[in-house]
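Using my numbering, you'd call the opening residue of the sequence shown number 1 and step up by one each time.
Some notes on the structure that comes next.
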Amino acid sequence: MSPVQSVCEKDIFSEYLDRFIEVLIIKLESDVESHFPDIVTVKDKFESVLALINSTSEVTPVKSSCKFKIILKKLLKHGKLSSVSPTDRSSLLDLCKILLQFMNNDDLIATVNEFIEHTHLDLAHQTVSKFTKSDINLFTFYAIDILLNSLEAKHLQWNSMDCLERIVIDVVLCCDNDVLCVILHHLIPNLIRFSNSSRILEEIWLSLQRDCFKNAESTSDFIKCHDEQCLSRKVSILCMLAQYYISSEKNSFPLVTKEHFWFIIYCGLIDSLPLHRKKALYLLKRSVDFLEVNCLTFNCNFFIWNVNHVSHLQEIWKDIIIVLEVLEEKQLHLINPILPNVMKLTVINNVVGEELLKDNWLKCVCRRLMSHESSQLVKWGIVNLICADAFFHLEYDPTFYRIIFNALNNTSLFSKNQGKNSFAVGESLKNWFLKFSYQSDKTFFKNILNLFCDISWAPVPLFYVVQALATTPKTDCWDTSTLIILKKFIIETLGTQNVHIRGAIQCCLLRCVINLTDTRDLDYRTVFDLLSVIRSSECLRRGTQSWKMLVIWLKQFIEAPRLLTFLKTEIDGMLLEQNTHDACLSMEAISRCVILMSDIGLFCGESKTPQIFTPILNLFNHTSTSNSKPVDRALMFLMNLVIELETVATSKNDVTKELVFSLALKCVRSAMSYMEIGFKNWFGYTKEISTLQQYLSFISCFGSCEDTKTEMKESVLKLVMDSYNVLADDRLSNPSLKYFSLMLVSWVAKYNCSQYKQCSSVSSNGIIAKSHQVLVEKLMKEQQINKILQGEDLKSCNDSMHSKFSSSCVLAGWNLLHSYIVAFEKSLYKIKSLLRIEQLIELGLEATQIGGKDVLTEINQVFEVVLPEFINELETETLSKFISTTWNACFELRKNELFWIIFKSWIKMFYQKTLMENENCNKLQIEYAYTILELGETVGGLSNCLFKHLNEEIYKHEDLAKLPNDLLVKALVFGPVHRKDLRIESEVCNFIKSKGSEYSINILKPLTGDRDDCEVRLYVLNLILKVCIGENGEITSLKILISVMESLMDEDSRISEKKKRYYGDSHHHRVKNRIVQVLLVLEYVLLQSLSSASEVLYEKLLEWLSDNLSRESHQPSIRYQLQWLFVRCLLHKPRHLPKFWIMFEKGSEERAGCVCSYISIAYHLAVVLQHDEFSSRCVQEILPWCMAQHFNVRMYAQFVLSKLCL
């Protein structure tokens, strides 16, 4: 073919190609205008054309470039529509990538510039929140990447680079992760190549810096309040651009000498999310390698690298990186090997003699340890790290110490050291606080109190922390503002449910106040306001060590004139007509202040009645209705003084007691006269129920006090007689007066009912007793025991007082009934004549619904007397309903301190010998006994109360026979494996108990130990022994003894069927241990019997022992006790000795491991019996086992044989 012909053919081919492309363009334009094109088909056609062009290098370029530019613009715009799916967007990008290759250079550059400018305008109108959630922007940045790649492929320059850089800088800190990846992996490398500079890297870093501190003034502020999402973005950006930021190559921007770079790494390493920590650790590794390779020297607040100590630094950072990597593991056995490396880091600066490791990195490692999931690892960190010297010169960092205290707030950390009577974490805390007390900067103790108050503490950790703090030597660091915070903290700690831990915590906090408070310029009001919130029933009572320490401390800084002026002001303010509670101390605080000041000796130089009490005396000398509120407050103040006066240690020369009662005796007569006048004139009209309750409390307090009751007797009797008259008058409609009367006669009846039997009818007590009898019988007849005040009487009460008013009246009614039953001999007969037992039970059930929790005790005490008299008249359904209702009402209060009083009264009421004789009642008793045993697994002490009562109630075998053997066996093996937190709480209570008078709670509410599981087993065992053994040691009930022992063996067989192997200290192990222990005890009793039944039981016992040893692999403690019991049985009944060798042979065939037990038994018998025949048989039977396959068997056989032959 000639050249001319060849050129013609090329031209024809190009012409045809241009026409074909034109047709494709027209079709594509039409599709774009009308609807979304079939991208896959179009893309395939253009790919074919492009392949043809590329295969024929001589074909001329396409002439329709401008049309491609228009179509491309439309396609890119179409891709930003929200209706387009992600799949279609991806196909669009592929099509655009192909179409770009059909464009000439000028059109391509114009398209790029135009698209970037439009993108900048679009993004400028988007909010950050909208932008971060938009999927369209991902398409936009992928399109930009494609455009830039096309430019790079053709080696073209473009003039919108600055605009694109601004877009990247604006977007990189707020876009989502997908867009961020496109920008960092594609756009930024392209920009760096095009610009041939690191300008974009520098701008991004500056943006990161600004963003770090836009809401924080310092690095510590950022650590405290940084946003995890914000941190994630910063770490991700640095990781993805690490090839530029941690590099020394051209166009890089090294950050390893920037302080904020190390700060971001540090924040990433201490973050709670593992992914952030791994990214930060990657940056740390790469940065350390970079510093090492480039031999740089750098020092800032967060990092130091000195080229002169490269070897030491390599070792340090190798340890840190390994430690941080390993701490990401969950299993403790993987972490234990690197713990020595952690300890090495704490002393590295001392070893080298120069600072090579900044304190922040030690804190980083410590924070990671404290935040680990493993409690054992956290415990190791607290015990070994917090007392390290490296941590005591650190700047106070609240976030760091918050991490430590949050880690400490974990009950499982405070378990007792195995085999030691010490608590490692508690001891470490003491050393920690002790070291801080030696520092010159005392603000630490003030600052940590704010952290304390922000944490919701568990009781056990709180006790050990405040106990450690209380051991701190005298350090003046707490001021008035700190004590105000401490008061709030103490109030919160009073929510601790365990009373012993709660009391001990209060004692420790009181010691903290004494040891850490700076008494110079201390505000008295703040001090006594703080002391008023510490409970006298649990901690701060006269005579206790806490009280004595407080008195000594107050003596050191109290100024008598200033304090007397302060007290006078407070008392005057308390007695004002318009008293405002916030203006002065509470009445309880003033009362405690007076008693403390008296114990200090502040009033020694004055007369018997100090001048500060003059306003009170004047008030009682001139009582009138016009100033009734101050008089009421004075009454309550006197009562609070007497309450605070109570002491645990009596003294003959109690000056404070003389002071208080000298004041009380001068006021009591006037106070009672004031109440008598009020009772007759204005109680029901001007006094609120709460005020009347205060009067009743006053009468109860001083009327039961030996020093004042004589002064009050006459007035109280007058009030009581008037009260009975008020209650007897049905026409009187004065609810307040009736309420006061009812409460007063209820209290007198409870306090004085024992004297009603002996009093004469003409005496005051005799008249009161008669009035009491008439009132109660009237209430019983009319069935108004729950409705003494009702109807119109209750309408005058406001809603807040209505329920309290009603429940108090119900309680008083049942108290009157109980006093009536106790006081009068024929009361039960009278009750029978007035109403049926079903009606009384209905009244009792109604009282449980409408009365308060206190009424349950009174109901139980009433029916404790009534039920035995009426039991045969009761239907089973009625009895069952009554017992069920009272039980449920009682058990609902199990988290209330009254629960144990109510529960014990319910046990005494229901489990009586008389009731056991009734068949239907006995069934109910057994049913609830099983329930109590079951609930006793979780509520400690429940089963103890039941079996303690039964142990005191039952003395005859006929009564014990009413209880099934199964119940006795369950009680004999009772005792759960408590949860770890409950065991630790019990250990803490025992630790507190061991400290004796150091903690006031041990004197005020001593830990009796009546909730230990072992007590239940001891009570039942004692019950069995008491019933089965007579006074002279003879067996009185062999049948019960045998049945219990058989039931125990059956129980062991039952649990053994389910599980042949078991772990040490498991519940299975404990049950078997208890069974064998009881059998060992009862076997000694069985020995006293010579009956054939006992011989049969011995045979059964030996068979059970043989099976147990042969079939099961026991824990050593069980195996030893079984062997011991086996030996005892054979020694006590020698006629069974021939059977032993048969059992030996049978056991060795079943399980070779049991041969060790049989050899031990044989040796013990041979030594005790000293029979040549038995010893010879031992040698004969044991000798073959000296060459047995099992090592233990060989060892036992050889040892015993050597002993027998010597």
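Glycine residues also receive a C-beta, built at the ideal position from the N, C-alpha and C atoms.
Pairwise C-alpha distance: residue j and residue i
{"i": "Phe824", "j": "Val745", "result": "16 Å"}
{"i": "Ile484", "j": "Gly426", "result": "27 Å"}
{"i": "Glu249", "j": "Val171", "result": "26 Å"}
{"i": "Ser375", "j": "His312", "result": "32 Å"}
{"i": "Arg502", "j": "Gly941", "result": "19 Å"}
{"i": "Leu898", "j": "Tyr1062", "result": "40 Å"}
{"i": "Leu1086", "j": "Leu1025", "result": "11 Å"}
{"i": "Val310", "j": "Glu292", "result": "7 Å"}
{"i": "Ile821", "j": "Ser827", "result": "5 Å"}
{"i": "Arg1233", "j": "Pro615", "result": "Since the first residue of the chain shown is 1 and the last is 1206, residue 1233 is not available in this structure."}
{"i": "Ser129", "j": "Pro340", "result": "Only weak support is given to the placement of Ser129: the predicted model assigns it a pLDDT of 46, under 50, and the value that follows is read from those uncertain coordinates. Roughly 48 Å separates the two Cα atoms."}
{"i": "His186", "j": "Asp145", "result": "6 Å"}
{"i": "Leu327", "j": "Arg979", "result": "28 Å"}
{"i": "His372", "j": "Glu329", "result": "9 Å"}
{"i": "Cys1205", "j": "Ile382", "result": "58 Å"}
{"i": "Lys781", "j": "Thr496", "result": "46 Å"}
{"i": "Ser591", "j": "Asp981", "result": "39 Å"}
{"i": "Leu1183", "j": "Ser1175", "result": "12 Å"}
{"i": "Phe303", "j": "Glu315", "result": "15 Å"}
{"i": "Asn845", "j": "Ile902", "result": "According to the sequence shown, residue 845 is Leu rather than Asn. Spanning the two alpha carbons is a distance of roughly 15 Å."}
{"i": "Asp599", "j": "Thr656", "result": "6 Å"}
{"i": "Phe436", "j": "Ser481", "result": "21 Å"}
{"i": "Gly813", "j": "Lys1005", "result": "31 Å"}
{"i": "Phe1199", "j": "His1136", "result": "26 Å"}
Residue i classed as buried or exposed, judged by whether at least 16 other C-beta atoms fall within 10 angstroms
{"i": "Ala728", "result": "exposed"}
{"i": "Asn1022", "result": "exposed"}
{"i": "Met587", "result": "buried"}
{"i": "Asp1013", "result": "buried"}
{"i": "Tyr1196", "result": "buried"}
{"i": "Arg511", "result": "buried"}
{"i": "Gln1211", "result": "In this structure the chain extends from 1 to 1206, so residue 1211 is not present and cannot be described."}
{"i": "His333", "result": "exposed"}
{"i": "Thr346", "result": "buried"}
{"i": "Ser819", "result": "buried"}
{"i": "Pro1116", "result": "exposed"}
{"i": "Gly601", "result": "exposed"}
{"i": "Glu858", "result": "buried"}
{"i": "Ala649", "result": "exposed"}
According to DSSP, residues forming a beta bridge with residue i
{"i": "Phe298", "result": "Trp305"}
{"i": "Trp478", "result": "Thr517"}
{"i": "Ile859", "result": "Looking at the DSSP assignment, Ile859 forms no beta bridge with any residue, so it has no partner."}
{"i": "Thr647", "result": "Arg542"}
{"i": "Ile1221", "result": "Given a span of 1 to 1206 for the chain in the structure shown, any question on residue 1221 remains unanswerable."}
Whether residue i touches residue j by CB criterion (8 Å)
{"i": "Thr848", "j": "Thr878", "result": "no"}
{"i": "Asn251", "j": "Ile169", "result": "no"}
{"i": "Gly1064", "j": "Ser1113", "result": "no"}
{"i": "Tyr524", "j": "Leu563", "result": "yes"}
{"i": "Lys738", "j": "Leu789", "result": "yes"}
{"i": "Val112", "j": "Leu151", "result": "yes"}
{"i": "Asp959", "j": "Lys908", "result": "no"}
{"i": "Ala961", "j": "Leu946", "result": "no"}
{"i": "Ile491", "j": "Val533", "result": "yes"}
{"i": "Trp1104", "j": "Met1143", "result": "no"}
Cβ of residue i within 8 Å of any chain B Cβ
{"i": "Asp959", "result": "The structure shown contains no chain B; it holds only a single protein chain."}
Next on the checklist: Restricting to runs no shorter than 4 residues, where is the alpha helix (DSSP H) found entirely within the region 874 to 927?
Outcome noted: 876 to 891, 899 to 910, 913 to 916
Checklist entry - Which runs of the beta strand (DSSP E) spanning at least 3 residues fall entirely within the region 691 to 731, listed in chain order? => result Segments of the beta strand (DSSP E) lying fully in the region 691 to 731: there are none.
Item to check | Ranges of the alpha helix (DSSP H) found wholly within the region 796 to 842, counting only runs of at least 4 | outcome: 799 to 823, 827 to 834
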